[in-house]
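Engineer: Note that our numbering has the sequence shown beginning at 266, numbered continuously upward.
Before anything else, here's the structure in question.
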Amino acid sequence: MADRLYHVRGSAVPSSCPICEQPIPTTVSHCTVCGFPTALAIEGLRSVSAEPADGSTVAAPPPRGPPKPAARPLTPEEELCAAISRDLRSKLDFVRQLGRGVPDVTSELCQAALIEAGGRVSEALEILRAAQNRLEEQTEELLTRRFDQLQERQEVLERTGVRFALADDLTRIEQAIGTNRREEAGTLLVDAERRIAQFESDWKGLQGLLAQIEGLRSEAADLDIPLGEITSDLAAVRDHLSVPNLTEEALDSIAQEAAQTLMLLHEAIPTSLEEELSRHEGTLNRYPDDHEASAVAHRLHVEATRHLKKGRLSEAVASVRDLRRQIEILEKEPKESGAPAEAAAASGTTETEGETLDRLLKKARSLAARVRTLPADSDTARDAAIQIRQATELLRDRHLKEADLTLTRLMRMLAFEAPRN
266 MADRLYHVRG
276 SAVPSSCPIC
286 EQPIPTTVSH
296 CTVCGFPTAL
306 AIEGLRSVSA
316 EPADGSTVAA
326 PPPRGPPKPA
336 ARPLTPEEEL
346 CAAISRDLRS
356 KLDFVRQLGR
366 GVPDVTSELC
376 QAALIEAGGR
386 VSEALEILRA
396 AQNRLEEQTE
406 ELLTRRFDQL
416 QERQEVLERT
426 GVRFALADDL
436 TRIEQAIGTN
446 RREEAGTLLV
456 DAERRIAQFE
466 SDWKGLQGLL
476 AQIEGLRSEA
486 ADLDIPLGEI
496 TSDLAAVRDH
506 LSVPNLTEEA
516 LDSIAQEAAQ
526 TLMLLHEAIP
536 TSLEEELSRH
546 EGTLNRYPDD
556 HEASAVAHRL
566 HVEATRHLKK
576 GRLSEAVASV
586 RDLRRQIEIL
596 EKEPKESGAP
606 AEAAAASGTT
616 ETEGETLDRL
626 LKKARSLAAR
636 VRTLPADSDT
646 ARDAAIQIRQ
656 ATELLRDRHL
666 KEADLTLTRL
676 MRMLAFEAPR
686 N
């Protein structure tokens, strides 16, 4: 203790507080930290450090002030209130995991706590019991309603052509609800709802694929386009969908098969259309450019070619179908009215290579000027620029026949385009 005292005029003065051990200035009456009186500091230091001769510790003085009353035991009603409150909080944590439409008794819990604190324990107990009954009833109603909705969604899937493997889950949920195992029923229900939601989304995407496949297959059949194994592949997809207890993994595998079938259709149909358009182009080239009866067929040929280049298969198929009908009309016309181009060429003189090259160059320059009148950002302007470049390269390499065909094709395409203002 000597190191915590110093002497002023023969009197011992404490250098630090016996409670908080902070320095005590000589000019204050209380410790500036804990407020302990400075006049009692010496006695406090002595009582803290004093030890009896036998070395045992001196017992601390009893605390000042009235003793704290001992906590009284809870009454049976108070213990029951506490138990019901714990049960309600636990069940609320469970029902909140169910998500939408869950019951809530939080307000009753708060009301009962306030009433119990005011000493009206019996009234609080009645509120808690009513809340407990309401929570149980509404939870059971919620589980039953969600279970019925789950069954309805399963039936809708079956009506649209698939039988999702959910029967076992529905059986377990129904048994859990029937035996009041609500937490187990809720866990199973949430998992089954998650599974069926994912299955519904995947099935909707697969239905879109199948609709595209059926549409393209039907259009190809109208044009007698050979599809080879594609028809059997589509039948296999339908067979796989008809099996019972279809799982998510099985549906994903079937979707991959359908995507492969659609890709094969997108390869087979354009190839057949390109071959047919090439044959029709040869037929139309027999007619002169000023032949009015073939103008509609030329326009349809241009439209079909454009749709095919842009990957619009349905529109391309429709244009080819109309083109077929128009060519049939042309072929039924009297031969003298058709005025085939080769007949006109036979009556005239044969061009030399130089004359042909000069004529094609003039034709290319004229068409290039026509292209410049088109809207710069249009698809036609871009396609025309590509064909002009191809024709120029063919002329440079002296491939006059191919260049003439390219320029003729471009001329017919531009005949149906309006120039920009």
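All C-beta atoms, glycine included, are put in the ideal place defined by N, C-alpha and C.
Label T404 either buried or exposed according to how many other C-beta atoms from any shown protein chain fall within 10 Å of its C-beta, with 16 as the threshold for buried.
Structural biologist: Position 139 of the sequence shown, counted from the start, is the residue given in the question as residue 404. Result: buried.
Engineer: Could you check which residue in S579, S483, D433 has the C-alpha nearest to that of N510?
Structural biologist: Residue numbering aside, residue 510 sits at position 245 when the sequence shown is read from its first letter. For N510, the nearest C-alpha among the options comes from D433.
Engineer: I need the boundaries of the alpha helix (DSSP H) containing E388, first residue and last residue.
Structural biologist: Along the sequence shown, read from residue 1 onward, the residue named residue 388 stands at position 123. Where E388 is concerned, the enclosing alpha helix (DSSP H) stretches over 386-424.
Engineer: With a 10 Å radius around its C-beta and 16 neighbouring C-beta atoms as the bar for buried, classify A572 as buried or exposed.
Structural biologist: Within the sequence shown, numbered from 1, the residue matching residue 572 stands at position 307. Ala is not the amino acid found at residue 572; the sequence shown has His there. When all chains shown are included, H572 counts as buried.
Engineer: For the alpha helix (DSSP H) containing I289, list its first residue and its last residue.
Structural biologist: Counting from 1 along the sequence shown, the entry for residue 289 is found at position 24. Careful: I289 lies outside any alpha helix (DSSP H) and carries neither H nor E.
Engineer: Secondary structure at L529, three-state DSSP: helix, strand or coil?
Structural biologist: On the sequence shown, position 264 is the one that residue 529 refers to. Of the three classes helix, strand and coil, the one that applies to L529 here is helix, per DSSP.
Engineer: Counting C-beta neighbours from all protein chains within 10 Å, is the total for S387 16 or more, i.e. buried, or is it exposed?
Structural biologist: Here residue 387 refers to the residue found at position 122 of the sequence shown. With fewer than 16 Cβ atoms within 10 Å of its Cβ, S387 is classed as exposed.
Engineer: Determine the extent of the alpha helix (DSSP H) in which Q472 is found, giving its start and end residues.
Structural biologist: As a working note, residue 472 is residue 207 in the sequence shown. Its alpha helix (DSSP H) spans residues 447-487.
Engineer: Hey, out of T548, R586, S579, P553, whose CA is closest to L565's CA?
Structural biologist: Taking the sequence shown and counting its residues from 1, one reaches residue 565 at position 300. For L565, the nearest C-alpha among the options comes from R586.
Engineer: Determine the DSSP secondary structure at L511, reduced to helix, strand or coil.
Structural biologist: Taking the sequence shown and counting its residues from 1, one reaches residue 511 at position 246. Strand at L511.
Engineer: Answer yes or no: do V421 and W468 have a C-beta to C-beta separation smaller than 7 Å?
Structural biologist: If you number the sequence shown from 1, residue 421 lands on position 156. If you number the sequence shown from 1, residue 468 lands on position 203. No, the Cβ-Cβ distance between V421 and W468 is not below 7 Å.
Engineer: Use the C-beta contact count for R459: other C-beta atoms within 10 angstroms, 16 or more gives buried, fewer gives exposed.
Structural biologist: Numbered from its first residue, the sequence shown carries residue 459 at position 194. Flag for R459 reads exposed.
Engineer: What first and last residue would you give for the alpha helix (DSSP H) that runs through F359?
Structural biologist: Translated into the one-based positions of the sequence shown, residue 359 becomes position 94. Taken as a continuous stretch (DSSP letters only), the alpha helix (DSSP H) holding F359 covers 341-361.
Engineer: Which class does S643 belong to by DSSP, given the choice of helix, strand or coil?
Structural biologist: In the sequence shown, the residue the question calls residue 643 occupies position 378. S643 falls in the coil class under three-state DSSP.
Engineer: So H545 and I592 are supposed to be a Cβ contact under 8 Å. How far apart are they, rounded?
Structural biologist: By one-based count along the sequence shown, residue 545 stands at place 280. By one-based count along the sequence shown, residue 592 stands at place 327. At roughly 6 Å, the Cβ-Cβ gap stays under 8 Å, so H545 and I592 are in contact.
Engineer: Could you please give me the residues that DSSP links to S281 through a beta bridge?
Structural biologist: Position 16 of the sequence shown, counted from the start, is the residue given in the question as residue 281. Note: S281 sits in a beta bridge opposite P288.
Engineer: Using 8 Å as the threshold, is the stretch 472-487 in touch with the stretch 430-450, meaning 3 or more CB pairs across them?
Structural biologist: no
Engineer: What separation, rounded to the nearest whole angstrom, lies between the Cα atoms of A377 and V508?
Structural biologist: Along the sequence shown, read from residue 1 onward, the residue named residue 377 stands at position 112. Along the sequence shown, read from residue 1 onward, the residue named residue 508 stands at position 243. The alpha-carbon atoms of A377 and V508 are separated by roughly 56 Å.
Engineer: Hey, how far is the Cα of G366 from the Cα of E401?
Structural biologist: Here residue 366 refers to the residue found at position 101 of the sequence shown. Here residue 401 refers to the residue found at position 136 of the sequence shown. Distance between the alpha carbons of G366 and E401 is about 14 Å.
Engineer: Quick check on this structure: which residue in S643, T617, E598, N550 has the alpha carbon closest to the alpha carbon of T671?
Structural biologist: Taking the first residue of the sequence shown as 1, we reach residue 671 at position 406. Of the candidates S643, T617, E598, N550, N550 places its Cα closest to the Cα of T671.
Engineer: Short of 7 Å in beta carbon distance, which residues of its chain neighbour S584, apart from the five on each side in sequence? Order them along the chain.
Structural biologist: Within the sequence shown, the letter at position 319 stands for residue 584. Excluding sequence positions up to five before and after S584, its CB lies within less than 7 Å of the CB of L565, E568, A569, H572, all in the same chain and listed in chain order.
Engineer: Could you spell out the range, first to last residue, of the alpha helix (DSSP H) harbouring L435?
Structural biologist: Walking along the sequence shown from the start, residue 435 turns up at place 170. From DSSP, the alpha helix (DSSP H) with L435 extends over 432-443.
Engineer: Using the C-alpha atoms, what's the distance from L516 back to M528?
Structural biologist: As a first step, residue 528 must be located in the sequence shown, where it is residue number 263. As a first step, residue 516 must be located in the sequence shown, where it is residue number 251. Cα to Cα, the separation comes out at about 18 Å.
Engineer: Measuring straight from C-alpha to C-alpha, what distance separates G547 and I651?
Structural biologist: As a first step, residue 547 is located in the sequence shown; it is residue number 282 there, counting from the start. As a first step, residue 651 is located in the sequence shown; it is residue number 386 there, counting from the start. Rounded to the nearest angstrom, the two C-alpha atoms are 21 Å apart.
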